[in-house]
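There are 2 protein chains.
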Amino acid sequence: MTEHQRQVISSALEGRAANGKMQRLLDALPDDLQGEMLGIWERATVPAGHILIEENTEAENIGFVLDGLLAMIKDLPDGRRHIIGLLTPADLFGRAFNGKSGYRIEALTETEVLTCPREPFEALLVRSPEAERLFLLNVLDELDAAREWVMVLGSGKVVQRVASLLLILCRHKVQGAIAPRAPINLNIKLKRVDIAHLLGTSPESLSRSFKQLERDGIIAINTPYDMDVLDLGELTEAAGNALLIEDFDL
Amino acid sequence: MTEHQRQVISSALEGRAANGKMQRLLDALPDDLQGEMLGIWERATVPAGHILIEENTEAENIGFVLDGLLAMIKDLPDGRRHIIGLLTPADLFGRAFNGKSGYRIEALTETEVLTCPREPFEALLVRSPEAERLFLLNVLDELDAAREWVMVLGSGKVVQRVASLLLILCRHKVQGAIAPRAPINLNIKLKRVDIAHLLGTSPESLSRSFKQLERDGIIAINTPYDMDVLDLGELTEAAGNALLIEDFDL
DNA sequence: CCATCCCGTTGACGGGCATCAATGAATCGA
DNA sequence: TCGATTCATTGATGCCCGTCAACGGGATGG
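One line per chain: the protein sequences are A and B, in this order.
Position 208 of the first sequence, counted from 1, bears residue number 208 in the UniProt record's numbering, the numbering being contiguous throughout.
Position 143 of the second sequence, counted from 1, bears residue number 143 in the UniProt record's numbering, the numbering being contiguous throughout.
Given below as structure tokens:
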């Protein structure tokens, strides 16, 4: 491992949410492969609106989110756009081992990513069963997340979906930690339009649902991007218990 | 490999849709592991309504669908039930490597499956990188399917979702083959209620949507379980082009 | 052969929500 | 500093669709 490589990776991971996962991934590798793993990654900062992987193309890059927010987006012929899922720090994206994407990867905010060409990444996975298993576990997690979204989107009323989204954000925020009775502060990075497209609704209906949750005393809206969840129990109630896995330590 | 084992597997695969995939999986294994793989599977026939994996339990079994139809189902507290996804012949189910399920696996029709305990399956994957990669590819396919459902469920109108479902069924039917201009006959194994829960709507609305597609000359309904897709192009139109990957050879 | 059940369909009704339109607040650039 | 743009919110309107109800046909069982 060259000093340059070490520098890239360490500066990239410094003080970020993603460092734990990346570090675990590295530690699991045999020593002789660690350098190779580090060597193929390139760090990049992309502005909001930038498209990292185009729709319906053989993705040539694998990516790892360090900071910011990406989304899997599909444009519909009628001009509307649908957000299939989000990519947050510590998420992998790209199409290792399987072809075209069907959707594009777009930055919703300014984002820092690590990218590497697809071939050497695949080659490394083939060579190292440990790395491949880590990747497999990652994909399994993504599968759970996707199925959870299927659950959320299938459940009727808009308020329920909004509540479910908030629950997921809370879970993401307090992960591992014991959930306090105290309000959970959420810093939403998404615009209302994006949330709407994510939940399969319109910004107007979304706004009304937020207001309703606020009237019910379940949340407090400080700014459109800063809200507090006041009552986790009632929020779960409002969500209709639609979430697949409820692993809050209540 | 004992004669008993060989008998179980060969009779199980005989003349079934699932045999191709299982055979490929076997061929990819080193010779000395093939016997081990075959030895751990047990064949079973379960009646409709039978629950193969309970919700919120550590699944102790891995399964492989030979014939019939399974579904991933989550019950909502209000009594409604939501179908998250289907499992058709050649599909794997179970929770190798990651814990609880959050939904249950239930047979919608009488179903033949191969099952095996989880530990030896995982052990075999760990021992054989080839098997693990096959499993990984399987999971990647499932991920695509799940994201496709996210897409379908997010797209507004019920008629669009119905059309999308029909498109998926058509694709499943003609997979690989060149899609003919001639009508595609679909044999639906699902009850209307189940389709409704799958698409996040009600049986009544579903019926109306089917009728509308028939009025528009896009499909012909012979019986509720036997319909012909008359115009694949218009069906795609009606679906709003919401599908992620459109790999028909039109 | 009839009674019962299950299921799909059809009709009527009401509510939720998408759409259109307008206002207000915040940010940005000239 | 002042327009211009973007975005969130609110109101009004009409339609989609979820619900309740009833009907009919096919299957099952006595």
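The beta-carbon is built from N, C-alpha and C at its ideal position, and this holds for glycine as well.
Residues of the stretch 30 to 46 of chain A with a CB closer than 9 Å to any CB of chain B: list them in chain order, please.
-> none
At what residues does the alpha helix (DSSP H) containing A/L230 begin and finish?
-> Segment: none, A/L230 is in no alpha helix (DSSP H) and carries neither H nor E.
State yes or no: is the beta carbon of B/L143 nearer than 8 Å to at least one beta carbon in chain A?
-> yes
To the nearest whole angstrom, what separates the beta carbons of A/F93 and A/E122, a pair I think is in contact under 8 Å?
-> Wrong, their Cβ atoms sit about 15 Å apart, outside the cutoff.
Under 8 Å between C-beta atoms, does A/Q5 make it to chain B?
-> Only weak support exists for where A/Q5 lies, its pLDDT of 43 falling under 50; the value from the coordinates is given anyway. No, A/Q5 does not count as interfacial toward chain B.
With 16 other CB atoms within 10 Å as the buried threshold, where does A/G240 fall?
-> buried
Under 8 Å between C-beta atoms, does A/P203 make it to chain B?
-> A/P203 does not count as touching chain B.
For B/E55 versus B/G85, is the C-beta spacing smaller than 8 Å?
-> no
Determine the burial state of B/R161: buried for a count of at least 16 other Cβ atoms within 10 Å of its Cβ, exposed for fewer.
-> B/R161 is buried by the Cβ-count criterion.
Report the three-state DSSP secondary structure of A/M1 (helix, strand or coil).
-> Note on A/M1: pLDDT 46, under 50, position unreliable in the model; the coordinate value appears next. Note: A/M1 maps to coil in three-state DSSP.
Where A/A239 falls: helix, strand or coil (DSSP) = helix
Of all Cβ atoms in chain A, is any one closer than 8 Å to the Cβ of B/E132?
-> yes
To the nearest angstrom, how far is it from the Cα of A/E234 to the Cα of A/A163?
-> 10 Å
In chain order, each alpha helix (DSSP H) run of at least 4 residues that lies wholly inside the stretch 106 to 181 of chain A = 118 to 127, 129 to 154 and 158 to 173
Helix, strand or coil at A/E214 [DSSP, three-state] = helix
Could you have a look at B/L206 and say whether DSSP puts it in helix, strand or coil?
-> When DSSP states are grouped into helix, strand and coil, B/L206 belongs to the helix group.
Residue closest to A/R215, alpha-carbon to alpha-carbon, out of A/Y225, A/P203 and A/V229 = A/V229
Under the assumption that A/V150 contacts B/V150 (Cβ atoms under 8 Å), give the Cβ distance between them as a whole number of angstroms.
-> 6 Å
Can you tell me which of the three DSSP states A/I188 falls into?
-> coil
Would you report the Cα separation of B/L232 and B/P77, rounded to the nearest angstrom?
-> 39 Å
What does B/V139 touch in chain A if you count any residue whose Cβ is under 8 Å from its own?
-> When 8 Å is used as the limit between beta carbons, B/V139 is near these residues of chain A: L136, V139, L140 and L143, in chain order.
Under 9 Å (Cβ pairs) to chain A, residues found in the stretch 74 to 92 of chain B | K74, L76, P77, D78, R80, H82, I83, I84 and G85
Would the beta-carbon of A/L143 fall within 8 Å of that of A/E132?
-> no
Identify which residue in A/P117, A/I40 and A/I188 has its Cα closest to the Cα of A/N222.
-> A/I188
In terms of DSSP beta bridges, what is B/E36 paired with?
-> Note: B/E36 sits in no beta bridge, so no partner.
Delimiting residues of the beta strand (DSSP E) encompassing B/T223 = I219 to T223
Leaving out five residues before and five after B/L167 in sequence, what residues of the same chain have Cβ atoms less than 7 Å from its Cβ?
-> For B/L167, where only same-chain residues beyond five positions count, the Cβ hits under 7 Å are L235, T236, A239 and L243.
Using a Cβ-Cβ cut-off of 8 Å, state whether B/M151 counts as contacting chain A.
-> Yes, its Cβ sits closer than 8 Å to a Cβ of chain A.
Does the distance from the C-beta atom of A/L137 to that of A/E106 stay below 8 Å?
-> no
Between the beta-carbon of A/G49 and the beta-carbon of A/T111, is there less than 8 Å?
-> no
Excluding five sequence neighbours on each side, which residues of the same chain lie with their C-beta closer than 6 Å to the C-beta of B/V46?
-> A107 and T111
Go ahead and label B/T115 buried or exposed: buried means 16 or more other beta carbons lie within 10 angstroms of its beta carbon, across all protein chains shown.
-> So B/T115 counts as buried.
Taking Cβ to Cβ, would you say residue 274 of chain A is nearer than 8 Å to A/R95?
-> Outside the modelled stretch of chain A, which goes from 1 to 250, sits residue 274 of chain A, for which no answer is possible.
Proximal chain B residues relative to A/A196, where beta-carbon distance stays under 7 Å = Correct list: empty, because the minimum Cβ distance to chain B is about 11 Å.
Neighbour flag for A/G63 against chain B, beta carbons, 8 Å | By the rule that beta-carbons nearer than 8 Å mark a contact, A/G63 does not touch chain B.
If you drop the 5 nearest sequence neighbours on each side, which residues of the same chain put their C-beta closer than 7 Å to that of B/D141?
-> none
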